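Peer 1: These protein sequences, in sequence, are chains A and B.
Heads up: the first sequence at position 176 corresponds to 176 in the UniProt record's numbering, and the numbers run straight through without jumps.
Heads up: the second sequence at position 68 corresponds to 68 in the UniProt record's numbering, and the numbers run straight through without jumps.
Sharing a structure, written as structure tokens. Questions coming.
Number of protein chains: 2
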Amino acid sequence: MAKLRILIIGGGGVGTMAAYALQTGGHADVTIVLRSNFAAVERDGFTIDSIQHGHDIKNWRPHRIVQSIPNATPEAPFDYILVATKNVPDVKPTVVDLISPALTRTHTSILLLQNGLNIERPLQAAFPTNPILSAVSLIGATETHPGIVRHDDTDDCKVGPFPLPGGNTPPAAWQADARRLVQAYNACGRVGWTLDLDVKATRWRKLLYNSSFNSVAAVTGLDTARMRMSEFVVDELVLPVMREVKAVARAAGVELGEGVEERVVRVDPTDTAFVPSMGQDAAKGNLMEVEVIVGEPVREARRLGVPVPTLETVYAMLKAVQLKAKESRGLWTAEFAEGAKYS
Amino acid sequence: MAKLRILIIGGGGVGTMAAYALQTGGHADVTIVLRSNFAAVERDGFTIDSIQHGHDIKNWRPHRIVQSIPNATPEAPFDYILVATKNVPDVKPTVVDLISPALTRTHTSILLLQNGLNIERPLQAAFPTNPILSAVSLIGATETHPGIVRHDDTDDCKVGPFPLPGGNTPPAAWQADARRLVQAYNACGRVGWTLDLDVKATRWRKLLYNSSFNSVAAVTGLDTARMRMSEFVVDELVLPVMREVKAVARAAGVELGEGVEERVVRVDPTDTAFVPSMGQDAAKGNLMEVEVIVGEPVREARRLGVPVPTLETVYAMLKAVQLKAKESRGLWTAEFAEGAKYS
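As structure tokens, this is what we get:
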């Protein structure tokens with residue numbers, strides 16, 4: 001069998017560990033697109049400390065390292081594009097913008113290795129003949145310095161085709177695409193991604209954690225251990241958000257089950273001060289995945305007529321924090337002049 | 001007429017300007033209790049740049065400057081104690097703790113020159129025979145450095161007796177106490193405090209601004225001009241909070257009137273980036289007046305059965321931010337161990 005040609009966009013912790021598993025499995029040749037860490041990785045390769053692949057991986061490179069999105073070529077189209085960037089649709093370039101040049105219509109499968117709800121929709125609209133796959137990852141992997149990755153929690157990921165708009169079953173061929181990728185991923189023998197034919201439910205389940213803990217961390221600066229110690233943060237913010245998201249999921253046809261919130265509350269350990277990604281982004285003044293993690297559940301709730309008062313307030317707070325990040329990047333300008341509705 | 005003996009606790013912008021007006025009016029001798037700025041003021045006096053009293057006031061001192069709360073003496077009891085500190089009842093010492101040593105039962109009138117709701121209640125419980133007066137101030141006055149005060153917005157303040165618990169009219173003698181203080185204050189001829197016999201309503205009206213703009217500034221870090229430019233911050237946070245507080249006020253017997261929210265939204269200028277006090281406190285990691293500005297309206301809403309979903313969420317967020325300020329002061333300890341409800 002010919003090796004799969006795989007393009008990975010995003011060389012942070014998640015993208016790098018995917019590149020490592022796929023490339024070392026021997027069934028794929030990985031091209032990885034790097035931005036801020038390109039120079040470091042070109043010079044020294046990746047340095048990886050992994051609980052599954054080994055603690056002393058040095059000077060490692062996949063098949064090819066590039067600095068910008070490569071153009072698709074008819075003779076060697078990419079079989080898969082794995083998108084492992086942050087998903088911030090309120091800022092250009094969007095995921096559709098990013099992958100367009102590298103994609104071959106009807107051929108390339110797109111795997112979204114990203115958080116959030118309804119992230120497949122713009123891709124299904126833009127590329128209706130390409131399989132769109134979803135990966136819900138629970139890996140713990142962080143790029144601590146450019147090119148240096150610490151992988152400290154199991155690479156546990158569920159992969160399946162996104163349902164088509166309207167909730168229909170995806171074509172059987174798309175399941176095969178997902179299965180083929182999972183096999184190539186697991187070929188290294190050290191990790192176990194799994195095929196998931198109900199990835200929509202899996203995504204809602206992960207959203208319980210992200211929409212609550214991530215949001216509260218971003219607005220308050222607290223880690224999840226302190227949130228739990230305080231008790232009121234869990235009782236008055238985390239659990240109310242989870243219950244609202246669960247109600248939206250139910251209205252969207254996904255039953256997350258009795259007591260799931262209480263289990264999700266206890267996901268993180270209480271012996272370390274872990275700050276979820278959106279909290280880390282907020283602390284650094286970085287852009288956050290507000291729209292896919294909170295905005296989409298809110299819009300879904302409005303569409304379905306489910307009241308989500310806590311989530312609505314959290315969403316507005318996060319957009320306000322995001323506004324500062326946008327302003328510092330020149331993406332929003334404060335006009336100290338008359339003219340606006342409230343000037 | 002003998003001069004009034006007045007103790008002012010708190011020598012920030014508000015307390016200093018009160019000391020200046022009362023002392024220079026000639027009808028009062030002011031003792032002021034200073035903490036962080038005691039050494040600077042003892043050495044150089046206050047330096048004041050005031051839009052009403054003069055721009056070049058140097059080396060000014062009231063009758064007496066002290067470093068700790070003085071004890072009451074039978075021969076010269078304080079006629080008034082003006083409390084101009086921040087009001088943070090979730091942290092010791094409380095206002096009751098502070099003023100106890102200096103107060104003479106049945107004699108001293110207590111004036112709370114502070115923000116927030118229900119701040120009189122612990123005082124009425126602790127000192128049932130002392131008149132408790134309320135001052136709702138709109139002054140703009142800031143201590144920019146120790147002992148250096150910029151007074152840049154009119155000293156506009158309404159003073160009246162707090163209604164007794166249960167909403168009864170305060171004794172007529174307490175109105176006279178309020179009037180006498182206002183007269184002493186205005187005797188300098190440069191400022192105009194006014195007597196307010198419906199100070200409860202005035203306090204709710206000021207709460208509209210504080211519970212909304214102050215809270216949103218504390219949680220998001222935005223100034224009020226940017227909140228208004230963004231529009232969504234006003235539409236989705238500021239106005240919803242104001243509408244909820246207005247509904248609680250109505251249930252508490254105070255009708256704030258048609259369109260008051262839209263007027264309060266426009267109180268601050270849009271040509272400068274003004275961050276309300278609680279936002280400044282949050283940015284500096286200081287303790288905030290969360291309980292009197294947001295906690296009390298929430299508890300009032302619960303008592304009266306008024307739903308305040310936005311305010312409830314904002315309150316929980318602020319308590320979480322406050323928790324960090326408490327932890328940094330050793331007032332809360334994160335126990336990375338088992339035992340708590342969510343460990």
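Idealized CB from N, CA, C, for every residue including glycine.
All figures in this text were calculated on a predicted structure; none of them were measured in a lab.
So residue 174/B is in the alpha helix (DSSP H); what residue range does that whole segment cover?
Peer 2: As a working note, residue 174/B is residue 174 in the second sequence. It spans 172-186 - the alpha helix (DSSP H) in which residue 174/B sits, taken as one unbroken run.
Peer 1: Below 8 Å on C-beta distance, what does residue 211/B contact in chain A?
Peer 2: Within the second sequence, the letter at position 211 stands for residue 211/B. Chain A residues near residue 211/B: none, gap ~13 Å exceeds 8 Å.
Peer 1: Taking all protein chains shown into account, decide if residue 27/B is buried (16 or more other Cβ within 10 angstroms of its Cβ) or exposed.
Peer 2: Locating residue 27/B in the second sequence gives position 27, counting from the first residue. So residue 27/B ends up on the buried side.
Peer 1: Quick check on residue 333/B - is its C-beta less than 7 Å from some C-beta in chain A?
Peer 2: Stepping through the second sequence from its first residue, residue 333/B is reached at position 333. Judged by the 7 Å Cβ criterion, residue 333/B is not in contact with chain A.
Peer 1: Would residue 306/A pass as an interface residue toward chain B - the criterion being a Cβ-Cβ separation below 7 Å?
Peer 2: Translated into positions along the first sequence, residue 306/A becomes position 306. It does not; no Cβ of chain B falls within 7 Å.
Peer 1: Is it buried or exposed, residue 289/B, if we count other Cβ atoms within 10 angstroms and call 16 or more buried?
Peer 2: Mapped onto the second sequence, residue 289/B falls at position 289. Label assigned to residue 289/B: buried.
Peer 1: With residue 147/B and residue 40/B assumed to form a contact (beta carbons below 8 Å), what rounded beta-carbon distance in angstroms separates them?
Peer 2: Taking the second sequence and counting its residues from 1, the one referred to as residue 147/B is at position 147. Taking the second sequence and counting its residues from 1, the one referred to as residue 40/B is at position 40. Contact flag correct, Cβ pair sits at about 4 Å.
Peer 1: What residues from chain B crowd round residue 271/A, counting only those whose CB sits closer than 7 Å?
Peer 2: Against the first sequence, residue 271/A aligns to sequence position 271. Ordered by position in chain B, the residues that pass the 7 Å Cβ test against residue 271/A are 336.
Peer 1: List the endpoints of the continuous alpha helix (DSSP H) containing residue 169/B.
Peer 2: The residue given as residue 169/B occupies position 169 in the second sequence. That residue, residue 169/B, is in no alpha helix (DSSP H); it is neither H nor E in DSSP.
Peer 1: Here's the rule I'm using: 16 or more other beta-carbon atoms within 10 Å means buried, otherwise exposed. How should residue 109/A be labelled?
Peer 2: Taking the first sequence and counting its residues from 1, the one referred to as residue 109/A is at position 109. Flag for residue 109/A reads buried.
Peer 1: Taking 7 Å as the CB-CB cut-off, is residue 17/B touching chain A?
Peer 2: For this step, residue 17/B is matched to residue 17 along the second sequence. Cβ-Cβ to chain A under 7 Å: no for residue 17/B.
Peer 1: Within 10 angstroms of the Cβ of residue 255/A, are there 16 or more other Cβ atoms? Answer buried if so, exposed if not.
Peer 2: For this step, residue 255/A is matched to residue 255 along the first sequence. Answer is exposed; the Cβ neighbour count stays below 16.
Peer 1: Can you name the start and end residues of the alpha helix (DSSP H) that residue 96/A belongs to?
Peer 2: In the first sequence, counting from the first residue as 1, residue 96/A sits at position 96. Here the alpha helix (DSSP H) through residue 96/A covers 95-99.
Peer 1: Thinking residue 97/B and residue 63/B are a contact (beta carbons under 8 Å), I'd like their distance in whole angstroms, please.
Peer 2: Start at 1 with the first residue of the second sequence, and residue 97/B comes out as number 97. Start at 1 with the first residue of the second sequence, and residue 63/B comes out as number 63. Not really, about 25 Å apart at Cβ, beyond 8 Å.
Peer 1: Does any C-beta atom of chain A lie closer than 7 Å to the C-beta of residue 325/B?
Peer 2: Here residue 325/B is taken as the residue at index 325 of the second sequence, counted from 1. Judged by the 7 Å Cβ criterion, residue 325/B is not in contact with chain A.
Peer 1: So for residue 3/A, helix, strand or coil by DSSP?
Peer 2: Here residue 3/A refers to the residue found at position 3 when the first sequence is read from its first residue. Coil, per DSSP.
Peer 1: Say whether the segment 154-164 of chain B touches the segment 108-127 of chain B, bearing in mind that this needs 3 or more beta-carbon pairs closer than 8 Å, one atom from each stretch.
Peer 2: They touch, by the three-pair rule.
Peer 1: For the beta strand (DSSP E) that contains residue 222/A, what are its first and last residues?
Peer 2: On the first sequence, position 222 is the one that residue 222/A refers to. Careful: residue 222/A lies outside any beta strand (DSSP E) and carries neither H nor E.
Peer 1: Helix, strand or coil for residue 50/A, going by three-state DSSP, please let me know.
Peer 2: Position 50 of the first sequence, counted from the first residue, corresponds to residue 50/A. Strand, per DSSP.
Peer 1: Could you name the residues that DSSP lists as bridge partners for residue 80/B?
Peer 2: Sequence index remark: in the second sequence, residue 80/B carries index 80 (1-based). According to DSSP, residue 80/B bridges with 6/B, 109/B.
Peer 1: Any chance the segment 84-102 of chain B sits against the segment 139-156 of chain B, with 3 or more Cβ pairs inside 8 Å?
Peer 2: No: the two stretches stay apart, fewer than three of their Cβ pairs being nearer than 8 Å.
Peer 1: Among 44/A, 139/A, 87/A, 217/A, whose alpha-carbon lies nearest the alpha-carbon of residue 21/A?
Peer 2: Stepping through the first sequence from its first residue, residue 21/A is reached at position 21. Considering only alpha carbons, the answer is 139/A.
Peer 1: Check this for me: beta carbons of residue 151/A and residue 141/A, under 7 Å apart or not?
Peer 2: On the first sequence, position 151 is the one that residue 151/A refers to. On the first sequence, position 141 is the one that residue 141/A refers to. Against a cut-off of 7 Å, the Cβ pair of residue 141/A and residue 151/A comes out as a contact.
Peer 1: For residue 119/B, name the three-state secondary structure that DSSP assigns.
Peer 2: For the purposes of this step, residue 119/B is taken as the residue at position 119 of the second sequence. Correct three-state label for residue 119/B: coil.
Peer 1: What is the rounded straight-line gap between the Cα of residue 31/B and the Cα of residue 46/B?
Peer 2: On the second sequence, residue 31/B is found 31 positions in, with the first residue counted as 1. On the second sequence, residue 46/B is found 46 positions in, with the first residue counted as 1. One C-alpha to the other measures close to 14 Å.
Peer 1: Mind listing the chain B neighbours of residue 20/A? Cutoff is C-beta to C-beta under 8 Å, in chain order.
Peer 2: Taking the first sequence and counting its residues from 1, one reaches residue 20/A at position 20. Going along chain B, no residue has its Cβ under 8 Å from residue 20/A, so there is no contact; the nearest lies around 32 Å.
Peer 1: Identify each residue in the segment 224-256 of chain A for which the Cβ-Cβ distance to at least one residue of chain B is less than 7 Å, and report them in chain order.
Peer 2: Listed in sequence order: 225, 226, 228, 229, 230, 231, 232, 233, 234, 236, 237.
Peer 1: Quick check on this structure: which residue in 116/B, 143/B, 92/B has the alpha carbon closest to the alpha carbon of residue 49/B?
Peer 2: Looking up residue 49/B in the second sequence gives position 49. The candidate whose alpha carbon is nearest that of residue 49/B is 143/B.
Peer 1: Would you tell me roughly how many angstroms separate the C-alpha atoms of residue 283/B and residue 259/B, rounded to the nearest one?
Peer 2: Locating residue 283/B in the second sequence gives position 283, where the first residue counts as 1. Locating residue 259/B in the second sequence gives position 259, where the first residue counts as 1. For residue 283/B and residue 259/B, the distance between alpha carbons rounds to 32 Å.
Peer 1: Rounded to whole angstroms, what is the Cα-Cα separation between residue 186/B and residue 192/B?
Peer 2: Against the second sequence, residue 186/B aligns to sequence position 186. Against the second sequence, residue 192/B aligns to sequence position 192. So the two alpha carbons sit approximately 6 Å from each other.
Peer 1: Per DSSP, which one or two residues make a beta bridge with residue 147/A?
Peer 2: Position 147 of the first sequence, counting from 1, holds the residue named residue 147/A. Per DSSP, none; premise fails for residue 147/A.
Peer 1: Per DSSP, what kind of secondary structure is residue 324/B in: helix, strand or coil?
Peer 2: Here residue 324/B corresponds to residue number 324 of the second sequence, with the count starting at 1. Of the three classes helix, strand and coil, the one that applies to residue 324/B here is helix, per DSSP.
Peer 1: Residue 195/B by DSSP, collapsed to three states: which one?
Peer 2: For the purposes of this step, residue 195/B is taken as residue 195 along the second sequence, with counting starting at 1. Strand at residue 195/B.
Peer 1: To the nearest angstrom, how far is the alpha carbon of residue 38/B from that of residue 59/B?
Peer 2: By one-based count along the second sequence, residue 38/B stands at place 38. By one-based count along the second sequence, residue 59/B stands at place 59. Taking the straight line from one Cα to the other gives about 13 Å.
Peer 1: Expressed to the nearest angstrom, what Euclidean distance is found between the alpha-carbon atoms of residue 240/B and residue 323/A?
Peer 2: Start at 1 with the first residue of the second sequence, and residue 240/B comes out as number 240. Start at 1 with the first residue of the first sequence, and residue 323/A comes out as number 323. Straight-line Cα distance between these residues: approximately 20 Å.
Peer 1: Considering only C-alpha positions, which residue in the set 53/B, 66/B, 43/B, 44/B is nearest to residue 7/B?
Peer 2: Taking the second sequence and counting its residues from 1, one reaches residue 7/B at position 7. Among 53/B, 66/B, 43/B, 44/B, the Cα nearest to that of residue 7/B belongs to 66/B.
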